[in-house]
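Colleague:
Chains as they are written, first to last, in the numbering used here: chain A, 2 to 152; chain B, 2 to 108.
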């Protein structure tokens, strides 16, 4: 009898954990979908090519309220070949948008840095558009210990 | 009255140099996601746009979402070919605009 109770308790615990996991996955996949939609809007449905973007983010962010982010796109930044826009998208915040940066040949380099809020562990996706109409993308996973959306 | 932004950029540069510009604007960046103690959502109030011009020509700008941390810090670069003035603007959700200027001598 005692053994049964223990088993029942274990099973209850296991199914509870499974439920939590499913719930979390649902929320996460909705945010991932929204992020993908936002990117599709930015690229006009074009599939961005991977590479040429380096992203700096901490592997683990202990405080999601202010996480340093910087990116750099490998581009000549001349008058006829430069990065025009860079969009940063979150796959785990209440809203996918983080910021969109606009560059000109006067920017010199297609790079910027800021500090962002992250609600949970997630991928940050960076998509760049060039003056020739090409799209590039890169992403980085950040583990967040304490979320930064203040509930 | 809004607080003063903080700027960091070189006073002098050589023609054709790419310089680094750091800006920080003291601002709460209220995300619109938080609730007060009565459970009411605190309305969003953020700096939603930042721009940088040099001698009237656009250098860099950014559209910001609530995912930008409080006291928005923005770092970027600029290629300078002549002496002149950088003008920076921050636009608040409430429509107010804060501006700042900084001169640079290019030899």
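For every residue, glycine included, the Cβ atom is placed at its ideal position computed from N, Cα and C.
(1) Would you please verify whether the beta carbon of residue 65 of chain B is less than 7 Å from any beta carbon of chain A?
(2) Counting only beta-carbon atoms, is residue 108 of chain A nearer than 7 Å to chain B?
(3) Spell out whether any CB of chain B is found under 7 Å from the CB atom of residue 55 of chain A.
(4) Does the Cβ-Cβ distance between residue 47 of chain B and residue 26 of chain B come in under 7 Å?
(5) What are the residues of the segment 69 to 83 of chain B that lie near chain A, defined by any Cβ-Cβ distance shorter than 9 Å?
(6) Assuming residue 78 of chain A is part of the beta strand (DSSP E), what are its boundary residues?
(7) Let me know the secondary structure DSSP gives residue 6 of chain B once reduced to three states.
(8) With 16 other CB atoms within 10 Å as the buried threshold, where does residue 144 of chain A fall?
(9) Starting from residue 140 of chain A, trace the beta strand (DSSP E) in both directions and tell me its first and last residue.
(10) Looking at residue 84 of chain B: is its Cβ nearer than 7 Å to the Cβ of residue 107 of chain B?
(11) Applying the criterion that 16 or more other CB atoms from any shown protein chain within 10 Å of the CB defines a buried residue, is residue 66 of chain B buried or exposed?
(12) In whole angstroms, what separates the C-alpha of residue 46 of chain A from that of residue 104 of chain B?
(13) In this structure, how does DSSP classify residue 129 of chain A when only helix, strand and coil are distinguished?
(14) Pairs of beta-carbons, one from the segment 52 to 67 of chain A and one from the segment 133 to 141 of chain A, closer than 8 Å: are there three or more?
(15) In chain order, what residues of the same chain lie with their CB nearer than 8 Å to the CB of residue 22 of chain A, ignoring the 5 residues before and after it?
(16) Is residue 89 of chain B close to chain A? Criterion is C-beta to C-beta, closer than 7 Å.
(17) Could you give the distance in angstroms between the alpha-carbon of residue 75 of chain B and the alpha-carbon of residue 38 of chain B?
(18) Are residue 120 of chain A and residue 98 of chain A closer than 7 Å when you measure CB to CB?
(19) Taking DSSP's pairing of strands, which residues face residue 88 of chain B in a bridge?
(20) DSSP three-state label for residue 106 of chain A, please.
Modeller: Concretely, from the data shown:
(1) Translated into the one-based positions of the second chain, residue 65 of chain B becomes position 64. Answer yes: the Cβ-Cβ gap between residue 65 of chain B and chain A drops below 7 Å somewhere.
(2) Residue numbering aside, residue 108 of chain A sits at position 107 when the first chain is read from its first letter. Taking Cβ atoms only, chain B reaches closer than 7 Å to residue 108 of chain A, which makes this a yes.
(3) Counting from one through the first chain, the residue named residue 55 of chain A turns up at place 54. No, residue 55 of chain A lies away from the interface with chain B (no Cβ there is under 7 Å from its Cβ).
(4) Locating residue 47 of chain B in the second chain gives position 46, counting from the first residue. Locating residue 26 of chain B in the second chain gives position 25, counting from the first residue. Cβ atoms of residue 47 of chain B and residue 26 of chain B: not closer than 7 Å.
(5) The segment 69 to 83 of chain B vs chain A, Cβ under 9 Å: 69, 70, 71, 72, 73, 74, 75, 76, 77, 78, 79, 80, 81 and 82.
(6) Counted from its first residue, the first chain places residue 78 of chain A at position 77. Taken as a continuous stretch (DSSP letters only), residue 78 of chain A belongs to no beta strand (DSSP E), as it is neither H nor E.
(7) Numbered from 1 along the second chain, position 5 holds the residue referred to as residue 6 of chain B. If DSSP states are grouped into helix, strand and coil, residue 6 of chain B belongs with coil.
(8) Here residue 144 of chain A corresponds to residue number 143 of the first chain, with the count starting at 1. Per the 10 Å Cβ criterion, exposed.
(9) Reading the first chain from its first residue, position 139 is the one you call residue 140 of chain A. 136 to 147 is the extent of the beta strand (DSSP E) around residue 140 of chain A.
(10) Residue 84 of chain B sits at position 83 when you count from the first residue of the second chain. Residue 107 of chain B sits at position 106 when you count from the first residue of the second chain. Cβ distance < 7 Å, so residue 84 of chain B and residue 107 of chain B count as in contact.
(11) Taking the first residue of the second chain as position 1, residue 66 of chain B is located at position 65. Per the 10 Å Cβ criterion, buried.
(12) As a position in the first chain, residue 46 of chain A is number 45, starting the count at 1. As a position in the second chain, residue 104 of chain B is number 103, starting the count at 1. In this model, residue 46 of chain A and residue 104 of chain B are separated by some 42 Å (Cα to Cα).
(13) Taking the first chain and counting its residues from 1, the one referred to as residue 129 of chain A is at position 128. Looking at residue 129 of chain A - three-state DSSP - the assignment turns out to be strand.
(14) By the Cβ criterion, the segment 52 to 67 of chain A is in contact with the segment 133 to 141 of chain A, since at least three pairs of Cβ atoms, one from each stretch, lie closer than 8 Å.
(15) Counting from 1 along the first chain, the entry for residue 22 of chain A is found at position 21. Residue confidence is low: residue 22 of chain A scores 46 on pLDDT, short of 50, so the model does not pin down where it sits. No coordinate-derived value is stated.
(16) Taking the second chain and counting its residues from 1, the one referred to as residue 89 of chain B is at position 88. No, residue 89 of chain B lies away from the interface with chain A (no Cβ there is under 7 Å from its Cβ).
(17) For the purposes of this step, residue 75 of chain B is taken as the residue at position 74 of the second chain. For the purposes of this step, residue 38 of chain B is taken as the residue at position 37 of the second chain. Looking at the two C-alpha atoms, the distance is approximately 32 Å.
(18) In the first chain, counting from the first residue as 1, residue 120 of chain A sits at position 119. In the first chain, counting from the first residue as 1, residue 98 of chain A sits at position 97. Using a Cβ distance threshold of 7 Å, residue 120 of chain A and residue 98 of chain A do not count as a contacting pair.
(19) Locating residue 88 of chain B in the second chain gives position 87, where the first residue counts as 1. The beta-bridge partner set that DSSP reports for residue 88 of chain B consists of B:54 and B:102.
(20) On the first chain, position 105 is the one that residue 106 of chain A refers to. Per DSSP, reduced to three states, the secondary structure at residue 106 of chain A is helical.
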